[in-house]
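Colleague:
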Amino acid sequence: MVRKPRETFGSRMGMLLAMAGSAIGLGNIWRFPYMMGKNGGAAFILLYVIMLVVLCLPVMVSEYLIGRRGESNPFSSFDRLAPGSKWRWIGFLAVLASACILSFYCVVGGWSVKYLADSCILAFSDEGDYALSFGSFISNPWKPLLYTLIFLALTGAIIVFGVRKGIERMSKVMITMLFVIIVMVVVRSLTLPGAIEGVKYMFVPDFTKVTADTCIAAMGQAFFSLSIGCGTILTYASYVKKDENILASSAWVSFFDTMFAIIAGLAIIPAVYAIAYMNGVEPDVSAGPGLVFITLPGVFSQMPLGNLAAILFFLALLLAAVTSAISLMEVVVAFIIEEMHRSRKKAVALCFLVCGVVGAFCSLSFGPLAGFKLFGLSVFDFFDYITSNIMLPLGGLLLAVFAGWRLRRANFLDELTNSGKLRIPRWLSLTIYYLVKLVAPIGILLIFLNTFFS
Ligand code: PFF
Numbered sequence: 041m042v043r044k045p046r047e048t049f050g051s052r053m054g055m056l057l058a059m060a061g062s063a064i065g066l067g068n069i070w071r072f073p074y075m076m077g078k079n080g081g082a083a084f085i086l087l088y089v090i091m092l093v094v095l096c097l098p099v100m101v102s103e104y105l106i107g108r109r110g111e112s113n114p115f116s117s118f119d120r121l122a123p124g125s126k127w128r129w130i131g132f133l134a135v136l137a138s139a140c141i142l143s144f145y146c147v148v149g150g151w152s153v154k155y156l157a158d159s160c161i162l163a164f165s166d167e168g169d170y171a172l173s174f175g176s177f178i179s180n181p182w183k184p185l186l187y188t189l190i191f192l193a194l195t196g197a198i199i200v201f202g203v204r205k206g207i208e209r210m211s212k213v214m215i216t217m218l219f220v221i222i223v224m225v226v227v228r229s230l231t232l233p234g235a236i237e238g239v240k241y242m243f244v245p246d247f248t249k250v251t252a253d254t255c256i257a258a259m260g261q262a263f264f265s266l267s268i269g270c271g272t273i274l275t276y277a278s279y280v281k282k283d284e285n286i287l288a289s290s291a292w293v294s295f296f297d298t299m300f301a302i303i304a305g306l307a308i309i310p311a312v313y314a315i316a317y318m319n320g321v322e323p324d325v326s327a328g329p330g331l332v333f334i335t336l337p338g339v340f341s342q343m344p345l346g347n348l349a350a351i352l353f354f355l356a357l358l359l360a361a362v363t364s365a366i367s368l369m370e371v372v373v374a375f376i377i378e379e380m381h382r383s384r385k386k387a388v389a390l391c392f393l394v395c396g397v398v399g400a401f402c403s404l405s406f407g408p409l410a411g412f413k414l415f416g417l418s419v420f421d422f423f424d425y426i427t428s429n430i431m432l433p434l435g436g437l438l439l440a441v442f443a444g445w446r447l448r449r450a451n452f453l454d455e456l457t458n459s460g461k462l463r464i465p466r467w468l469s470l471t472i473y474y475l476v477k478l479v480a481p482i483g484i485l486l487i488f489l490n491t492f493f494s
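If you count the sequence shown from 1, you need to add 40 to reach our numbering.
1. DSSP on GLY168, reduced to helix/strand/coil?
2. Which residue's Cα is closest to the Cα of VAL225: GLU103, GLY346 and ALA83?
3. Verify the CB distance criterion: does ALA58 have a CB-CB separation below 7 Å to chain B?
4. So, SER127 versus PHE118, is the Cβ gap smaller than 7 Å?
5. For the alpha helix (DSSP H) that PHE520 lies in, which residues bound it at each end?
6. Does DSSP put GLY150 in a helix, a strand or coil?
7. Near PHE353, what residues of its chain come up, given a Cβ to Cβ distance below 6 Å and the 5 sequence neighbours on each side ignored?
8. Taking 6 Å as the cut-off, is the CB of ASN429 close to at least one heavy atom of the ligand PFF?
9. Taking only three categories from DSSP, how would you classify GLY81?
10. Determine the direct distance from the alpha carbon of ILE315 to that of LYS240, and round the result to whole angstroms.
11. When you compare only the Cα positions, how much space is there between ILE302 and ILE351?
12. From the DSSP output, which residues share a beta bridge with SER418?
13. What does the alpha-carbon distance come out to for the pair ALA311 and THR251?
14. Ignore the nearest five residues each way along the sequence and tell me which others in GLU378's own chain have a CB closer than 7 Å to its CB.
15. Give me the residue from VAL89, ASN319, PHE264 and LEU414 with the minimum Cα distance to GLY435.
16. For LEU306 and PHE300, what's the separation of their Cα atoms in angstroms?
17. Please list, in chain order, all residues with a C-beta atom less than 6 Å from at least one heavy atom of the ligand PFF.
18. Measuring CA to CA, which of CYS96, MET259 and TYR317 is closest to ILE236?
19. Can you give me the Cβ contacts of LEU368 inside the same chain, cut-off strictly under 7 Å, excluding the 5 residues immediately before and after it?
20. Taking the alpha carbon of ALA400 as the reference point, which residue from ILE190, LYS78 and VAL388 has its own alpha carbon closest?
21. Please report the distance separating the alpha-carbon of GLU370 from that of GLU167.
22. I'd like the list of long-range same chain contacts for ARG109, defined as Cβ closer than 7 Å, with 5 residues on each side in sequence excluded.
23. What is the C-beta distance between ALA349 and ARG228, in whole angstroms, given that I count them as a contact (C-beta under 8 Å)?
24. Would you grab the beta carbon distance between LYS212 and LEU57 for me? Rounded to a whole angstrom, and I think it's under 8 Å.
25. So is ALA270 buried or exposed if we call it buried at 16+ other beta carbons inside 10 Å?
26. Is it true that the CB of VAL101 sits closer than 7 Å to the CB of SER290?
27. For LEU486, does the count of other Cβ atoms within 10 angstroms reach 16, so buried, or fall short, so exposed?
28. What whole-angstrom Cβ distance do MET259 and MET91 have, given they're in contact under 8 Å?
29. Under a three-way DSSP split, which group does LYS281 fall into?
30. Tell whether a beta-carbon distance below 7 Å holds between VAL200 and VAL372.
31. Please look up how many angstroms separate the CB atoms of TRP182 and PHE333, rounded, as I've assumed it's under 8 Å.
32. Would you give the residue range spanned by the alpha helix (DSSP H) that TRP182 belongs to?
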């Protein structure tokens, strides 16, 4: 069969911003600050950075390498590199994981649409009870569902335009806007009186909160935040030209993503501290996912220029969520186009339908389906837990094992150095190789075992 030439990213910058757009998302703004709040502040950051370098960077390099060499969706990329083997089912699992993540991700994406709309009509006022209004919003059977579908439709509308005109163009615009906006919110947050306590909280470690659970939480967060383990980097890498530097791109995206998580923390935590002190109450930054949707509206309603800050913040949240959701949808869409031979439009429609239905269950699990539990978790929490803490690290483990053990060492090094054209010192490429082959798989396995036995 004659293969149609695949679309590629138009420029290096576009490719990097698309990958950074995938990595930077709700995970940075909505998940990182409360994970940090729960797990010892700076102690968590430290652990997170170690996981990032030792486990995640090697997995990202593996995923990138497999995608660029395989030049296809996860299923076919594995099949091309190990023809006829069972490995392609790992690729299939990655597609499934992406669909599962998108299904609960679009629910929170929907919340950010609603909060952006609310902030535009200046709905946050001094007297509001934000816990109550958030609770009654997410437990309503219809409203959050509607916003979930709006968010999913927005994502689909970008994906329909393809890699260059859709993903690349929108990522460039959105990520640039996102940075400008978040810096503005940080400036507003840090200039509030008392904000410095929040900064201290972020950077002074509390090791007493570090337990075995913290390790799996940091690992899960790192995998989730970097978008690795479920084929998004692999799929984007399959659209990358052969002369890109895999190692430099991976390092750049990881660095960018971590910086952004810390910047998002600086936008949120100091503001929460400042307003709590102003009201003479204890700041609560471990308020779980509600931090962004309950604590922050209260904070915005009480600070000078708060309305503007709220609009900017929820716009940033939405932009970050959309650029990540498009990378998740693209994995599924690429699979449907290439394996089921459907047009891009039909693939997007199918993905919208499937994720919309599963997303509806996730959304309803905050309301009418609250009593329905899977392994003791609500549908939403179940998807969040199994994808971040199990599917992504497991996917990462298998990707690293494939790159380290199934690909020949010569092929691995050849791909990493673009057939010797890049001047990567030999010691560095060998270090990466052994991180991929030994350190990352063993490390991930140990953390798994540690969690299951503790
Ligand atoms: N990295 C995204 C975030 O931090 O919000 C979430 C995500 C996107 C996870 C894509 C996994 C993925 F494949």
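Every residue, glycine too, gets a C-beta built ideally from N, C-alpha and C.
Modeller: According to the structure shown:
1. coil
2. GLY346
3. Among the chains of the structure shown, chain B does not appear; only one protein chain is present.
4. The displayed chain sequence assigns Trp, not Ser, to residue 127. The Cβ-Cβ distance between TRP127 and PHE118 falls below 7 Å.
5. The question about residue 520 has no answer, for the chain in this structure spans 41 to 494.
6. helix
7. VAL225
8. no
9. strand
10. 16 Å
11. 21 Å
12. LYS413
13. 28 Å
14. SER112, ASN113 and SER116
15. PHE264
16. 10 Å
17. My final list is SER62, ALA63, GLY65, LEU66, GLY67, ASN68, SER138, ILE141, PHE264, SER265, SER267, CYS270, THR272, SER364, SER367 and LEU368.
18. TYR317
19. SER138, ILE141, LEU142, TYR145 and THR272
20. Out of ILE190, LYS78 and VAL388, the CA that lies nearest to the CA of ALA400 is found in ILE190.
21. 43 Å
22. LEU121 and GLU455
23. 5 Å
24. 5 Å
25. The sequence shown places Cys at residue 270, not Ala. By the 16-neighbour rule on beta-carbons within 10 angstroms, CYS270 is buried.
26. yes
27. exposed
28. 5 Å
29. In the displayed model, LYS281 falls within coil according to three-state DSSP, outside both helix and strand.
30. VAL200 places its beta carbon 7 Å or farther from that of VAL372.
31. Actually they do not touch by this definition, with Cβ atoms about 18 Å apart.
32. Counting along the chain, TRP182 falls outside any alpha helix (DSSP H), and DSSP gives it neither H nor E.
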